[in-house]
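Chains as they are written, first to last, in UniProt numbering: chain B, 1 to 282; chain D, 1 to 355. Just so you know, even glycine gets a beta-carbon here, dropped at the ideal spot from N, CA and C. Model, not experiment: these values are computed from the prediction. Okay, structure first, notes after.
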Amino acid sequence: MIENRPWLRFFSHLILVVGVFLVALPVWVALVGSTQPEGSFNSGSIPMWFGDQGVQNWAHVLFAEAGSTLQIPVWHLLLNSLVMALGITLGKIAISIVSAYAIVFFRFPFRGVIFWIIFITLMLPVEVRIVPTYQVIANLDMLNSYSGLILPLIASATATFLFRQCFMSIPGELVEAARIDGAGPIRFFFDILLPMSRTNIAALFVIMFIYGWNQYLWPLIITTDDTYYTLVMSIKSMLSVPDGDIQWNYVMVTTLLAMLPPVAVVVGMQKLFVKGLVDAEK
Amino acid sequence: MTDLVLENIGKTYPNGYQAIPSIDLSIEEGEFIVLVGPSGCGKSTLLRMVAGLETITQGDLLIKGNRVNDKEPADRDIAMVFQNYALYPHMTVRANMEYGLKNRGVSKQERHNKVMDVAAMLGLDELLERRPGQLSGGQRQRVAMGRAMVRDPKVFLFDEPLSNLDAKLRVQMRVEIRQLQRKLATTTLYVTHDQVEAMTLADRLVVLNKGKAEQIGTPMELYDKPATTFVAEFIGSPSMNLLDGMLTERGIALSDRLALPMAHDYRGAIKWGIRPEHLQQSDAVNGDFSLQVQAVESLGAETLIHGVLEDGAEQPNPIVVRLSGPHLPDIGSRMWLTAPLQHWHLFDAITQQRL
Ligand SMILES: Nc1ncnc2c1ncn2[C@@H]1O[C@H](COP(=O)(O)OP(=O)(O)OP(=O)(O)O)[C@@H](O)[C@H]1O
Ligand SMILES: [Mg+2]
Numbered sequence: 001m002i003e004n005r006p007w008l009r010f011f012s013h014l015i016l017v018v019g020v021f022l023v024a025l026p027v028w029v030a031l032v033g034s035t036q037p038e039g040s041f042n043s044g045s046i047p048m049w050f051g052d053q054g055v056q057n058w059a060h061v062l063f064a065e066a067g068s069t070l071q072i073p074v075w076h077l078l079l080n081s082l083v084m085a086l087g088i089t090l091g092k093i094a095i096s097i098v099s100a101y102a103i104v105f106f107r108f109p110f111r112g113v114i115f116w117i118i119f120i121t122l123m124l125p126v127e128v129r130i131v132p133t134y135q136v137i138a139n140l141d142m143l144n145s146y147s148g149l150i151l152p153l154i155a156s157a158t159a160t161f162l163f164r165q166c167f168m169s170i171p172g173e174l175v176e177a178a179r180i181d182g183a184g185p186i187r188f189f190f191d192i193l194l195p196m197s198r199t200n201i202a203a204l205f206v207i208m209f210i211y212g213w214n215q216y217l218w219p220l221i222i223t224t225d226d227t228y229y230t231l232v233m234s235i236k237s238m239l240s241v242p243d244g245d246i247q248w249n250y251v252m253v254t255t256l257l258a259m260l261p262p263v264a265v266v267v268g269m270q271k272l273f274v275k276g277l278v279d280a281e282k
Numbered sequence: 001m002t003d004l005v006l007e008n009i010g011k012t013y014p015n016g017y018q019a020i021p022s023i024d025l026s027i028e029e030g031e032f033i034v035l036v037g038p039s040g041c042g043k044s045t046l047l048r049m050v051a052g053l054e055t056i057t058q059g060d061l062l063i064k065g066n067r068v069n070d071k072e073p074a075d076r077d078i079a080m081v082f083q084n085y086a087l088y089p090h091m092t093v094r095a096n097m098e099y100g101l102k103n104r105g106v107s108k109q110e111r112h113n114k115v116m117d118v119a120a121m122l123g124l125d126e127l128l129e130r131r132p133g134q135l136s137g138g139q140r141q142r143v144a145m146g147r148a149m150v151r152d153p154k155v156f157l158f159d160e161p162l163s164n165l166d167a168k169l170r171v172q173m174r175v176e177i178r179q180l181q182r183k184l185a186t187t188t189l190y191v192t193h194d195q196v197e198a199m200t201l202a203d204r205l206v207v208l209n210k211g212k213a214e215q216i217g218t219p220m221e222l223y224d225k226p227a228t229t230f231v232a233e234f235i236g237s238p239s240m241n242l243l244d245g246m247l248t249e250r251g252i253a254l255s256d257r258l259a260l261p262m263a264h265d266y267r268g269a270i271k272w273g274i275r276p277e278h279l280q281q282s283d284a285v286n287g288d289f290s291l292q293v294q295a296v297e298s299l300g301a302e303t304l305i306h307g308v309l310e311d312g313a314e315q316p317n318p319i320v321v322r323l324s325g326p327h328l329p330d331i332g333s334r335m336w337l338t339a340p341l342q343h344w345h346l347f348d349a350i351t352q353q354r355l
């Protein structure tokens with residue numbers, strides 16, 4: 001649709017500008033706030049321009065301690081979050097690609113039933129099964145551990161389903177050609193299937209990384225030891241100060257730090273991501 | 001020595017559909033066998049059973065004397081070229097061709113040599129580092145053949161490999177496949193539904209009809225002496241004219257008014273056949289019968305004349321005549337024809353078998 005009407009142009013630009021403004025304003029406030037001296041938020045007004053404490057604030061939060069109730073530096077929280085997010089992402093991809101492989105390419109009894117069981121778990125997100133899951137993890141003695149943070153979240157019906165669709169679109173002739181070329185199940189998986197679903201893996205990686213990074217409820221429930229706290233859940237605890245003032249400048253630094261890795265992943269994998277969604281070659 | 005033997009081979013699909021009741025075929029070393037037949041007659045099924053992609057539910061398959069029914073495709077020493085080429089899209093041409101060798105543990109140096117040899121033979125040298133997505137249809141076809149050739153298999157299997165190419169390229173590739181096969185002298189089983197391809201490529205043809213081999217023989221045998229009406233109509237283009245008739249002591253009665261004199265021991269209902277190219281134009285005195293012209297197709301070098309036999313029957317009998325050179329009879333006009341006796345084909349009307 002190519003139209004050239006001045007007011008239409010103006011109108012569409014207006015909408016875009018308003019949209020950008022709405023999205024960017026909170027980020028701007030956080031960025032500015034992270035450079036303010038302690039207590040500048042408590043005067044009742046929100047500062048809109050940079051203060052002079054930027055370097056000190058960032059250094060303090062990153063390497064000394066996050067402030068308020070948290071006595072550990074934020075780099076440690078960052079690391080925890082990263083371990084959890086990557087663990088969940090890689091785990092999800094590994095498990096779902098293997099189960100999709102089994103469901104699409106192997107004939108075994110109750111194949112259809114198993115697929116539907118996996119599919120039905122879509123209706124059971126973490127929040128719904130949180131009590132029994134907690135029970136299991138507690139019995140396995142995995143509270144306050146990386147495995148406890150990661151394992152309950154790595155089963156993914158969505159990813160299994162996506163890989164299944166992707167595999168089913170691979171022409172049968174190709175599978176047969178590989179059989180004639182002497183590729184057994186393992187070789188076929190690594191030499192043909194994995195490279196061919198490269199873009200799908202990338203797209204899932206982005207989606208799942210953000211999902212893992214933003215986990216809030218589960219880490220909150222199973223971690224009581226702050227060496228296993230994740231960044232996203234800690235922000236909340238930085239806001240719940242028993243008495244005294246909230247250190248907004250430190251909170252803002254932490255918030256910005258929590259936003260960076262997902263942004264980095266999206267920007268870094270943008271091309272593959274889009275390709276994976278529209279699925280070019282095959 | 002016989003290379004490939006099919007003994008009483010049959011296929012019943014798991015859903016109970018019997019695609020192939022029983023086929024016997026033994027193929028000599030280096031022979032080029034073409035399987036032809038209409039769509040759904042079981043050509044691909046048969047080929048895929050030889051390849052090992054489909055289980056054999058009856059009979060034995062022998063390659064070089066070894067029974068291979070239960071062997072994996074990779075262990076049968078065959079190579080297959082697919083209709084849609086089935087190249088690995090993420091691999092270069094070189095990697096595509098090497099893959100089978102690599103899985104067999106062939107050394108890198110040897111793989112390189114083999115790929116270079118085959119690439120030179122097929123004119124693929126320039127394309128080795130490209131991906132299938134960067135090739136034209138004809139080039140992909142070549143790569144698919146190259147992939148089969150590097151393996152140096154005992155048997156080549158082709159499933160309609162040319163059907164995705166345009167007409168001109170198809171002719172060119174057809175000639176090339178024939179030359180390569182002669183040069184390599186590898187036993188070949190080739191599936192097509194194009195009877196020109198079948199006639200030009202085959203040492204021997206197998207005409208399949210509903211999973212049964214109607215006739216097996218050289219292209220000329222099938223053309224000159226079709227064993228059944230099915231083969232008679234399938235081989236040759238335009239297909240043979242087949243008319244219902246009765247064999248009596250007077251000859252062949254095609255209708256109450258029209259009879260062709262002939263001495264034959266058989267008595268009863270028959271089908272009388274003659275190919276369009278064997279009918280000759282003549283005049284009212286010498287003509288065997290006449291035709292009412294209904295349509296004329298001028299192809300330059302030859303002319304196809306479609307008409308109905310003027311034999312007084314209520315049921316009009318359509319006839320096609322193929323004359324060389326240009327002819328322009330008026331639509332609706334009468335044309336006299338002779339049908340030389342040596343080109344007649346007689347079939348039993350009930351069993352459809354050649355008499
Ligand atoms: N997996 C299957 N299960 C049941 N019936 C099948 C199966 N595959 C093929 N058939 C049937 O077997 C018959 C032969 O199929 P086949 O693919 O061999 O035909 P074809 O001669 O190769 O035809 P075409 O020229 O269209 O490729 C067909 O009637 C088909 O419907
Ligand atoms: Mg077929």
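Top-ranked residue by Cα proximity to residue i, from the options
i              : options                                       : result
Ile33(D)       : Gln280(D), Asp203(D) and Arg147(D)            : Asp203(D)
Glu38(B)       : Val27(B), Asn57(B), Arg111(B) and Val29(B)    : Asn57(B)
Asp3(D)        : Ile27(D), Val231(D) and Arg334(D)             : Ile27(D)
Gln294(D)      : Ile305(D), His264(D) and Gly287(D)            : Ile305(D)
residue 288(B) : Leu272(B), Trp248(B), Thr89(B) and Asp225(B)  : Residue 288(B) falls outside the range modelled here, since chain B spans only 1 to 282, and no answer is possible.
Arg267(D)      : Gln281(D), Ala284(D), Thr248(D) and Ile274(D) : Thr248(D)
Met48(B)       : Thr35(B), Asp245(B) and Asp226(B)             : Thr35(B)
Gly148(B)      : Val55(B), Glu173(B), Phe209(B) and Ile130(B)  : Ile130(B)
Straight-line Cα distance separating residue j from residue i
i         : j         : result
Leu124(D) : Gln18(D)  : 42 Å
Thr192(D) : Phe158(D) : 9 Å
Lys64(D)  : Val83(B)  : 58 Å
Pro6(B)   : Gly19(B)  : 20 Å
Met252(B) : Gln215(B) : 19 Å
Val23(B)  : Tyr88(D)  : 44 Å
Gln270(B) : Lys154(D) : 48 Å
Glu233(D) : Glu277(D) : 14 Å
Gly137(D) : Phe273(B) : 29 Å
Lys282(B) : Ile170(B) : Confidence is the limiting factor: at Lys282(B) the pLDDT is only 44, short of 50, which leaves the residue's position unreliable and the question unanswerable from this model.
Glu302(D) : Pro219(D) : 22 Å
Thr228(D) : Ser237(D) : 16 Å
Ala64(B)  : Ile46(B)  : 26 Å
Ser145(B) : Arg9(B)   : 55 Å
Pro26(B)  : Pro261(B) : 18 Å
Neighbour-count burial assignment, residue i, 16 or more Cβ in a 10 Å radius
i         : result
Thr272(D) : It is worth fixing the name first, because residue 272(D) is Trp in this sequence and not Thr. Counting Cβ neighbours within 10 Å, Trp272(D) comes out buried, since at least 16 surround it.
Asp311(D) : buried
Val267(B) : exposed
Asp256(D) : exposed
Ala148(D) : buried
Ser99(B)  : buried
Arg275(D) : buried
Asp191(B) : buried
Ala280(B) : With a pLDDT of only 49 at Ala280(B), under 50, the local geometry of the prediction cannot be trusted, and the value read off the model is given with reservation. Exposed: under 16 other Cβ atoms inside 10 Å.
Glu214(D) : buried
Contact set between residue i and chain B, taken where Cβ atoms lie within less than 9 Å
i        : result
Glu66(D) : Correcting the residue type first, residue 66(D) is Asn in the shown sequence and not Glu. Those within 9 Å of Asn66(D) in chain B number zero; the least Cβ separation is about 18 Å.
For residue i, the three-state DSSP class (helix, strand or coil)
i         : result
Ile180(B) : helix
Tyr190(D) : strand
Thr228(D) : strand
Leu61(D)  : strand
Val68(D)  : coil
Trp336(D) : strand
Thr161(B) : Before going further, note that residue 161(B) is Phe rather than Thr in the sequence given. Helix.
Gly300(D) : coil
Trp58(B)  : helix
Met262(D) : coil
Ile246(B) : coil
Listed by chain order, chain D residues near residue i by CB distance under 7 Å
i         : result
Asp141(B) : Chain D residues near Asp141(B): none, gap ~44 Å exceeds 7 Å.
Proximal chain B residues relative to residue i, where beta-carbon distance stays under 8 Å
i         : result
Ala119(D) : Those do not exist, as Ala119(D) stays about 18 Å from chain B at its closest Cβ, beyond 8 Å.
Ala86(D)  : Pro171, Glu173, Leu174, Glu176 and Ala177
Ala19(D)  : Within 8 Å Cβ-Cβ: nothing; Ala19(D) doesn't reach chain B, min ~17 Å.
Interface residues of chain B facing residue i [CB-CB closer than 7 Å]
i         : result
Gly100(D) : Asp181 and Gly182
Met80(D)  : Ile180
Proximal chain D residues relative to residue i, where beta-carbon distance stays under 8 Å
i         : result
Arg187(B) : Asn103
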